[in-house]
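Q:
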Amino acid sequence: LVLHGHLGDWCYAARVGGQGQATECFLQPDGLGANFGYLSRNIQQFFQTGVAPYPPERTLLTTGAIDAAMNSRHEGHRRIETPWLDIAYASYDEMPIRPRGERPSGACLRRDAPDQLLPWND
Numbered sequence: 036l037v038l039h040g041h042l043g044d045w046c047y048a049a050r051v052g053g054q055g056q057a058t059e060c061f062l063q064p065d066g067l068g069a070n071f072g073y074l075s076r077n078i079q080q081f082f083q084t085g086v087a088p089y090p091p092e093r094t095l096l097t098t099g100a101i102d103a104a105m106n107s108r109h110e111g112h113r114r115i116e117t118p119w120l121d122i123a124y125a126s127y128d129e130m131p132i133r134p135r136g137e138r139p140s141g142a143c144l145r146r147d148a149p150d151q152l153l154p155w156n157d
């Protein structure tokens, strides 16, 4: 939804179970800082600690399911076995760096926020 001069966010609304439901993907007005700010900070923390913010199995399960669904559709909705997705994982023990409120805040919004990895200790 783009209402020039009023709203320029990505919005979606639908009727679910007879009730109106809406959601918004907040796009900050001065660019894409927050969209990748949290991702960047989690990657930097991963490089520093060696501990992934999310288990790799999570990525394998989500991308593997999408891959199988897309291949099935391409092949006439044929059932596709996915034995490589017969895995389990434990969710993260510590919450990754991400917004705690309705809107992003803090260092992820500042283009001049210090890099967590600098200076390099070689």
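Start counting the sequence shown at 36; every next residue gets the next number (the numbering used here). Backbone N, C-alpha and C define an ideal beta-carbon position, used for all residues, glycine too.
Counting only runs that start and end within the segment 44 to 100, where is the alpha helix (DSSP H) found for 4 or more residues in a row?
A: Counting whole runs of 4 or more residues, the segment 44 to 100 contains the alpha helix (DSSP H) stretches 68 to 84.
Q: If we call anything under 8 Å between Cβ atoms a contact, is residue 117 one with residue 103?
A: Contact flag set, yes.
Q: Can you give me the C-alpha to C-alpha distance between residue 159 and residue 98, rounded to a whole angstrom?
A: The chain is shown only over 36 to 157; residue 159 falls outside these bounds and no answer can be derived.
Q: Which same chain residues end up closer than 8 Å to residue 115 when comparing Cβ atoms and leaving out the 5 residues on each side of it in sequence?
A: Only 103, 106, 107 meet the Cβ criterion.
Q: Between 58, 83, 120, 75, which lies nearest to residue 138 when the distance is taken from Cα to Cα?
A: Looking at the Cα atoms, 58 is the closest of the given residues.
Q: Taking the beta carbon of residue 101 as the centre, do at least 16 other beta carbons fall within 10 Å, making it buried, or is it exposed?
A: Residue 101 is exposed by the Cβ-count criterion.
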